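A.B. asks: Oh and the sequence shown: position 411 is 412 in our numbering, straight run, nothing missing.
Where a beta carbon is used, it is the ideal one built from N, C-alpha and C, also for glycine.
On a predicted model such as this, the values are computed, not experimentally measured, just so you know.
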Amino acid sequence: MPTHLIWFRQDLRIQDNSALWHATQQGNPCIAVVILSPEQWKLHHDATCKINFYLRQLKTLQQQLLEKNIPLIVAQIEQWKDIANYMLTLTEQLSITDVYANAEYAVYEKKRDDATLKILSQHAKTLHLFQDHTLFPKGTIRTQNNQPYKVFTPFKKACFERLQHSMPQCYPDIEQQENITLPKDIQQVCLDDMLTHYPVSEQILQLWPVGEPVAHEKLNDFLQHNVKQYQDTRDFPAIQGTSRISAYLNIGMISARQCLQALFQPYHGEFVLSHKGDETWLTEILWREFYQHIMVDFPKVSKAKPFKDETNRLVWRDAPSDFEKWTQGQTGIPIVDAGMRELKQTGWMHNRVRMICAMFLTKNLLIDWREGERWFMQHLIDGELAANNGGWQWSASTGTDAAPYFRIFNPVTQSERFDPEGKYIKQWVPELASLQAKQIHAPFAHKIGYLDYPKPIVDLKSSRVRAIEAFKNL
Ligand SMILES: Cc1cc2nc3c(=O)[nH]c(=O)nc-3n(C[C@H](O)[C@H](O)[C@H](O)COP(=O)(O)OP(=O)(O)OC[C@H]3O[C@@H](n4cnc5c(N)ncnc54)[C@H](O)[C@@H]3O)c2cc1C
């Protein structure tokens with residue numbers, strides 16, 4: 002019986018994995034492969050902590066697969082342009098005709114898969130691609146005129162209707178297969194050696210443990226203790242009010258289907274929204290879905306282009322020194338500095354603070370959103386093209402269904418509202434720990450003795466007017 006090959010990418014789990022499940026259902030022996038591409042990671046600005054997280058999870062996946070008698074080949078091909086040829090060589094070496102993988106939709110991912118599909122089919126081999134990363138297949142959530150949605154609320158409404166009729170189901174667990182050994186001459190990479198090139202702090206290792214059970218524990222813990230209050234707590238960065246599963250979702254350690262099944266488990270999998278918290282959290286999962294669908298329907302967003310073409314004409318400031326201060330958490334605006342320092346130390350930043358920091362960069366500093374987008378990718382453990390681009394273009398008012406350009410967050414007001422006691426600021430900006438709650442959001446506006454903390458690098462009022470003028474002129 003010919004062997005099947007399962008190609009893992011951003012789907013590092015054995016439960017509810019479409020491609021893995023389909024590959025193992027034919028009764029054929031299966032081998033798995035994952036291809037590491039350090040040069041490509043650099044081109045995509047992937048953060049060291051994200052790569053480290055991926056490699057650590059890969060080690061646990063390799064072990065889990067072995068328990069099912071599926072050996073995992075860990076290969077290294079520097080750039081994706083060379084992957085099609087590698088896949089041909091590997092399938093020839095292993096006498097494989099059928100390769101199974103979950104589809105990926107960003108421009109370079111698609112190019113890689115199209116090239117592989119082509120070369121394999123020229124040699125009478127097939128690459129079977131499955132829908133896995135999202136709840137609904139791309140191109141299936143459409144307006145009445147069969148157009149993609151550009152606005153989130155009607156998109157969400159359409160998703161709710163779909164969920165009422167058919168809830169996405171998880172695949173059953175796969176069976177253990179007959180023992181299979183790899184030929185000795187297959188070239189492999191040692192994951193432990195690879196990990197030494199992507200070192201992270203002890204703090205990051207503790208914050209972001211790996212393994213499918215860990216991802217499910219995080220999710221279940223959140224659903225048990227936090228989801229009911231989610232709509233009231235999710236905007237407060239000093240409170241652990243959100244699930245913190247984005248990094249797990251993005252490398253596929255857990256699936257969006259599993260999140261939904263866990264959310265609706267108390268209602269036996271029926272689409273029942275009995276709490277505002279459930280609905281609000283589901284809405285966030287659908288924001289993820291929305292940006293994924295936008296990326297497929299409007300590929301320009303993954304080519305560093307704004308969604309709104311007219312914003313191409315916006316003249317951004319060339320201000321490397323301001324940008325540097327923003328990246329280092331030295332802007333003199335405490336909530337912004339707290340967020341930027343949290344990002345650097347932990348690989349993560351609270352969503353409310355992401356919006357504040359992104360708006361401060363693109364509006365008050367009038368610096369191109371693409372610079373901020375890149376910095377986030379270079380530091381986020383959950384860095385993901387569609388969501389990151391969506392978040393940045395929303396904040397910069399260049400994106401689909403974005404914040405209107407004249408509605409600019411005042412970071413001080415945001416800070417007073419969402420971190421009223423300054424707990425979050427004190428955690429990340431210890432220089433301000435001695436300040437009272439009423440002073441901490443804007444120390445520059447109070448008479449305080451010497452502080453080892455910078456004055457604001459920009460005047461919030463005049464920079465707001467400058468941003469509005471720049472957009473108005475478009
Ligand atoms: C400027 C900016 C950049 C961002 N970059 C990323 C990124 O690179 N990767 C990423 O996964 N998210 C990104 N987000 C979205 C959001 O900040 C994170 O998904 C969220 O903070 C993750 O925390 P959580 O898992 O606790 O989320 P929860 O509040 O528990 O939400 C559950 C899940 O819903 C999804 N989600 C929530 N909010 C959003 C949103 N606004 N857009 C898309 N999906 C969402 C995530 O998958 C998240 O894990 C960005 C937002 C902004 C404003």
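#1: Answer yes or no: the CB of D133 versus the heavy atoms of ligand 1, is any distance below 7 angstroms?
#2: By Cβ distance below 7 angstroms, which residues in the same chain neighbour K185 in space, the five residues on each side in sequence not counted?
#3: In chain order, what residues of the same chain lie with their CB nearer than 7 angstroms to the CB of D17, ignoring the 5 residues before and after it?
#4: If you draw a straight line from the C-alpha of D114 to the C-alpha of H442, how long is it?
#5: How many Å lie between P412 and V337 at the Cα?
#6: Rounded to whole angstroms, what's the CA-CA distance from R375 to Q27? Just pull it up for me.
#7: Could you name each continuous alpha helix (DSSP H) segment of 4 residues or more that falls completely within the segment 406–442, going from the start of the chain to the end?
#8: How long is the line joining the alpha carbons of K456 and L13, rounded to whole angstroms?
#9: Using only CA atoms, which one of P39, L475, Q241, L183 lies nearest to I71?
#10: What's the C-alpha gap between N147 and K306?
#11: What is the DSSP secondary structure of F265, counted as helix, strand or coil?
#12: Under a three-way DSSP split, which group does P149 fall into?
#13: Looking only at its own chain, which residues have a Cβ that is under 6 angstroms from the Cβ of R99, when we skip the five neighbours before and after it?
#14: May I ask you to report which of helix, strand or coil DSSP gives Y109?
#15: Here's a check: name, in chain order, each residue in its chain whose Cβ is nearer than 8 angstroms to the Cβ of K462, leaving out the five neighbours to either side.
#16: Contact check, Y292 vs G384 under 8 angstroms by CB: the rounded distance?
#17: Does any residue of chain D bring its CB to less than 8 angstroms from the CB of G242?
#18: Is it buried or exposed, G140, if we count other Cβ atoms within 10 angstroms and call 16 or more buried?
#19: Within the same chain, show all residues whose beta-carbon is closer than 6 angstroms to that of E290, passing over the 5 residues directly before and after it, in chain order.
#20: Would the C-beta of L250 count as close to ligand 1, meaning under 7 angstroms from any of its heavy atoms?
#21: Should P238 be labelled buried (16 or more other beta-carbon atoms within 10 Å of its own) or exposed?
#22: Just verifying my parser: in three-state terms, what is the DSSP assignment at A24?
#23: Measure the alpha-carbon distance for P200 versus T399 and round it to whole angstroms.
#24: What does the Cβ neighbour count give for V152, buried or exposed, with the cut at 16 atoms within 10 Å?
#25: Taking 7 angstroms as the cut-off, is the CB of G423 close to at least one heavy atom of ligand 3?
#26: Taking just the CA atoms, how far does M360 sit from D133?
#27: Quick one: measure Cβ to Cβ for K427 and L433, integer angstroms, because I've assumed they're closer than 8 angstroms.
#28: Would H380 and L344 be called neighbours here (beta carbons separated by less than 8 angstroms)?
#29: What distance in whole Å lies between the Cβ atoms of I187 and Q77, which are believed to be in contact at a cut-off of 8 angstroms?
#30: Among P169, H269, N352, whose alpha-carbon lies nearest the alpha-carbon of I240?
#31: Measure the Cβ-Cβ separation of W393 and G373 and say whether it is below 8 angstroms.
#32: By alpha-carbon positions, which one of I32, R245, Q177, Q165 ends up nearest to H217?
#33: What number of angstroms, rounded off, separates the C-alpha of P267 from the C-alpha of N221?
#34: In the DSSP output, what is R143 paired with across the bridge?
#35: Report yes if the CB atom of L264 is closer than 8 angstroms to the CB atom of D279, and no otherwise.
#36: In the DSSP output, which residue or residues are listed as bridge partners for P99?
C.D. replies: Per the coordinate set shown:
#1: no
#2: none
#3: C171, Y172, S256, R258, Q259
#4: 49 angstroms
#5: 7 angstroms
#6: 43 angstroms
#7: 412–419, 424–429, 438–441
#8: 45 angstroms
#9: L183
#10: 24 angstroms
#11: coil
#12: strand
#13: Correcting the residue identity first, residue 99 is Asp in this sequence and not Arg. Here the set comprises H5, T127.
#14: helix
#15: none
#16: That belief does not hold up - the Cβ atoms of Y292 and G384 are roughly 13 angstroms apart, past 8 angstroms.
#17: As a matter of chain content, chain D is missing from the structure shown, which is built from one protein chain.
#18: exposed
#19: T135, L136
#20: yes
#21: buried
#22: helix
#23: 35 angstroms
#24: exposed
#25: The ligand content of the structure shown is limited to ligand 1, which means ligand 3 is not among them.
#26: 32 angstroms
#27: 6 angstroms
#28: yes
#29: So it is not a contact: roughly 12 angstroms between Cβ atoms.
#30: N352
#31: yes
#32: R245
#33: 12 angstroms
#34: P149
#35: yes
#36: Note that residue 99 corresponds to Asp in the displayed sequence, not to Pro. Answer by DSSP bridge pairing, in chain order: H5, T127.
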